[in-house]
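Residue numbers (UniProt numbering): 1 to 574.
Notes follow the structure.
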């Protein structure tokens with residue numbers, strides 16, 4: 001959601017058209033505003049600042065004060081901010097009621113904000129198609145705003161079409177429409193090109209498009225998991241020829257020279273190489289942000305040491321010495337008082353400078369944590385993409401970097417170990433691969449859950465921060481999260497355990513330990529019976545052990561097997 005205080009600022013007169021710098025001295029503008037209107041506008045700015053810094057508790061009190069000041073006046077903006085507060089608190093139904101109570105919806109700018117905010121709310125409620133309707137209305141409002149003649153300077157700040165377009169991209173991604181989502185993100189990149197989350201979402205569009213098989217040269221999930229069986233030869237030379245989707249399509253996504261090549265419609269062609277480039281862009285932006293933050297922390301620490309070593313005024317009052325209207329008596333008082341209920345209370349006439357500064361510091365801390373979450377998603381996706389592009393060394397580097405992140409989620413630790421193991425197997429290092437997978441072994445032949453449902457819920461709860469506010473760009477992986485992105489992204493804990501059993505079985509088979517491989521693959525099939533990879537591993541082990549009848553039986557019972565006529569030819573890649 002967003003709220004723009006430039007909208008509804010009719011009390012402050014503005015130029016009606018664009019003028020040259022030479023004309024400015026000859027223009028006289030009435031900028032008069034009553035004291036109450038000015039007080040209300042400042043209070044609304046304060047509420048908005050607290051919402052942007054996610055200080056919901058303090059914002060709740062300040063928005064009540066704003067509503068009291070706006071009594072008897074146009075309270076549309078105060079209602080919008082109160083609705084945004086309830087949205088931030090998760091009270092979506094109440095937020096809708098507050099938006100509907102707003103009376104000023106005839107203005108195109110206010111209407112666009114109203115429809116966008118309703119779209120965000122319905123998105124959070126999981127009603128993606130309803131949210132799409134409101135986003136479409138919001139874009140129509142912006143379009144009519146841009147057509148107004150003569151062109152006003154205020155129009156530029158009121159036009160939020162690119163922010164709404166970003167929201168449309170999220171909505172399309174949640175609905176499983178990666179091509180439309182990518183078009184929206186590309187348009188929104190005019191504003192958000194420096195936001196790592198935008199590049200992550202664009203990469204997710206590529207991955208979803210490839211996964212759904214809607215990109216030229218890619219394969220659908222059904223093709224990838226499908227096992228094709230054909231009978232060749234006659235008599236004693238009669239044999240079963242088995243081909244799985246991975247080996248059949250391994251050649252498909254070769255690296256293209258120009259990953260940014262545009263299609264006939266002027267849109268980028270979604271592909272795995274494009275996903276990789278987007279992920280590298282996001283990582284670069286994140287690393288630059290972390291470098292800037294570390295430098296600012298060093299500067300603040302050094303300035304703090306200088307203040308402590310100086311013999312000047314108390315550092316407690318130093319925050320106020322540059323305020324031109326600060327009362328000398330007020331500066332000797334504490335910046336905030338605690339009332340009888342234990343809530344933070346501003347001194348009368350004060351601005352609670354310390355409280356606002358604390359809100360900003362808290363927000364910066366939140367951003368650092370969210371950047372770490374985004375980085376986990378970026379590295380996991382990058383390792384996956386490099387494996388698909390048959391670059392095991394780069395995949396290994398990305399997966400190891402993921403495992404080295406501090407406070408890494410158990411979900412991404414699991415993915416990191418799985419991707420490291422797969423890369424090591426491709427590099428012909430099965431022993432080292434087994435070491436990474438064996439950390440989940442407890443006892444002889446038992447594998448503990450790599451993560452639990454609570455770990456998944458922690459990421460699902462974070463998805464609301466990805467909806468575009470005025471401070472877009474905070475996220476979880478913001479997932480990656482890729483949605484229904486959370487469904488697109490994560491395995492269930494039991495499925496993850498089954499994946500570990502299957503992978504360990506494959507590693508043991510490579511090492512020649514067929515007894516353990518058979519035991520582990522049997523466990524894998526009991527947990528993920530529909531996994532074509534586990535089935536193929538089981539068939540391989542049975543054939544090596546000379547159990548051809550058991551292997552054929554598993555083929556017959558596998559839901560992904562398709563028996564082909566004996567005269568059908570296989571791909572050359574087999």
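Even glycine gets a Cβ: it sits at the ideal position worked out from N, Cα and C.
query: Simplified DSSP assignment, three categories, for residue 369; result: helix
query: Proximity of residue 170 and residue 187 at Cβ, strictly below 8 Å; result: no
query: Residue(s) in a DSSP beta bridge with residue 457; result: None; residue 457 has no bridge partner.
query: First and last residue of the uninterrupted alpha helix (DSSP H) at residue 498; result: 493 to 511
query: Span separating the alpha-carbon of residue 136 from that of residue 363; result: 31 Å
query: Span separating the alpha-carbon of residue 334 from that of residue 353; result: With a pLDDT of 35 at residue 334, under the threshold of 50, the predicted position of this residue should be treated as unreliable, though the coordinate-derived value follows. Taking the straight line joining both Cα atoms gives about 10 Å.
query: Bounding residues of the alpha helix (DSSP H) (the contiguous stretch that carries residue 203); result: 196 to 212
query: Beta-carbon separation (whole angstroms), residue 434 vs residue 507, contact threshold 8 Å; result: 5 Å
query: Residue interval of the alpha helix (DSSP H) (run including residue 37); result: 35 to 52
query: C-alpha distance - residue 100 paired with residue 49, whole-angstrom precision; result: 23 Å
query: Cβ-based neighbour list, residue 63, same chain, cut-off 6 Å, excluding 5 preceding and 5 following; result: 47, 81, 82 and 85
query: Assigned exposure category for residue 106 - 16 Cβ within 10 Å defines buried; result: exposed
query: Enclosing alpha helix (DSSP H) for residue 526 [first to last residue]; result: 514 to 527
query: Enclosing alpha helix (DSSP H) for residue 428 [first to last residue]; result: Residue 428 -> no alpha helix (DSSP H), and no H or E assigned at all.
query: Element boundaries [alpha helix (DSSP H), containing residue 168]; result: 161 to 174
query: Residue 380 beta carbon less than 8 Å from that of residue 416; result: yes
query: Residue 374 vs residue 200 beta-carbon contact at 8 Å; result: yes
query: Exposure of residue 75, with buried meaning 16 or more beta-carbon neighbours within 10 Å; result: buried
query: For residue 178, the first and last residue of its enclosing alpha helix (DSSP H); result: 178 to 192
query: The alpha helix (DSSP H) enclosing residue 542, as first and last residue numbers; result: 532 to 544
query: From 152, 179 and 55, residue whose alpha carbon lies closest to that of residue 357; result: 55
query: Where residue 238 sits in the DSSP three-state scheme; result: coil
query: Backbone CA spacing between residue 231 and residue 390 [nearest angstrom]; result: 30 Å
query: Proximity of residue 525 and residue 539 at Cβ, strictly below 8 Å; result: no
query: Between the CA atoms of residue 285 and residue 195 - distance to the nearest angstrom; result: 7 Å
query: Paired residues, beta bridge with residue 441 - DSSP; result: 447
query: Cut-off 6 Å between Cβ atoms - residues of its own chain near residue 550, not counting five sequence neighbours on either side; result: 542
query: Residue nearest to residue 121 in terms of C-alpha spacing, selected from 283, 521, 90 and 109; result: 90
query: Distance, residue 450 Cα to residue 65 Cα; result: 49 Å
query: Environment of residue 36 [buried if 16+ CB atoms lie within 10 Å]; result: exposed
query: The alpha helix (DSSP H) enclosing residue 116, as first and last residue numbers; result: 108 to 124
query: Beta-carbon gap between residue 393 and residue 422 smaller than 8 Å; result: no
query: Three-state class that DSSP yields for residue 150 in the structure shown; result: coil
query: Residue 269 classed as buried or exposed, judged by whether at least 16 other C-beta atoms fall within 10 angstroms; result: buried
query: Same chain, Cβ closer than 6 Å to residue 282, neighbours up to 5 away in sequence not counted; result: 196, 199, 200 and 378
query: Alpha-carbon spacing of residue 176 relative to residue 206, whole angstroms; result: 12 Å
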